[in-house]
Amino acid sequence: MPGEIHRDDSCLFCAIVAGTIPSTRVDEDERTVSFMDINPASDGHLLVVPRAHAVDLTDITPEDLGACALTAQRLAKRQLEVLGADGVNLLNCTGEAAWQSVFHFHLHVVPRYVDDPERDRLTLPWTPTAGDPDRIGAAGRRLQDGAGR
């Protein structure tokens, strides 16, 4: 990324990207840095962040979002091959109500291990149940129209 990268001096992940806070880096390129999550949901759980500060999914540039997604894909394949994971969850939390705790865009790349609670502590946060078709349709129409609340 040419030129100076925007950072937020109060941001934990900006400090990790800058190297002023230690981390276990797994991968980095021109736009992204990937490091192990210190509160892992499973063995091999890592984070992919853009080098440039962006608060969340609504703030990140399309170029950095694309770079983060491609890095997450590459590392998910590595988790499957190197760690022997059975699957991978990709998770982004946007906003405090959605469990975002560090306000620098990041993707959680969480390898999954079938029937191995020692290596995999992630459980579903909700029980999928059928929704009301009228509510689903109404929300879909509002989103199609771009209408607000």
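Under my numbering, the first residue of the sequence shown is numbered 6, with each subsequent residue one higher. No residue lacks a Cβ here, since even glycine has one placed at the ideal position from N, Cα and C. Please read all numbers here as calculations on a predicted model, not as lab measurements.
Counting along the chain, the unbroken beta strand (DSSP E) around R30 starts and ends at R30 to E33. Its Cα nearest to that of D61, the residue G100 stands out among G100, T76 and D69. DSSP places P116 inside the beta strand (DSSP E), whose first and last residues are L112 to R117.
Taking 9 Å as the cut-off, the Cβ atoms of T66 and A77 do not count as close. Excluding five sequence positions before and after V107, the CB atoms of its chain that fall closer than 7 Å to its own CB belong to L17 and F18, given in chain order.
Spanning the alpha carbons of D48 and V38 requires a straight line of approximately 19 Å.
Within its own chain, the residues whose Cβ lies closer than 8 Å to the Cβ of L80, once the five positions on either side in sequence are excluded, are V31, D32, S39, L51, V53 and V114, listed in chain order.
For G142, the enclosing alpha helix (DSSP H) starts and ends at P138 to D150.
Put simply, the backbone Cα of I26 is about 26 Å away from that of T63. Take D13, set aside five residues on each side of it, and the residues of its chain with a beta-carbon closer than 8 Å to its own are C19, H58 and H109, in chain order. If you look at F18, you'll find it isn't in any beta strand (DSSP E); it sits in the alpha helix (DSSP H) that goes L17 to A23. By the beta-carbon neighbour count (other beta carbons within 10 angstroms, threshold 16), D125 is buried. Assignment of P45 by DSSP, reduced to helix, strand and coil, places it in the coil class.
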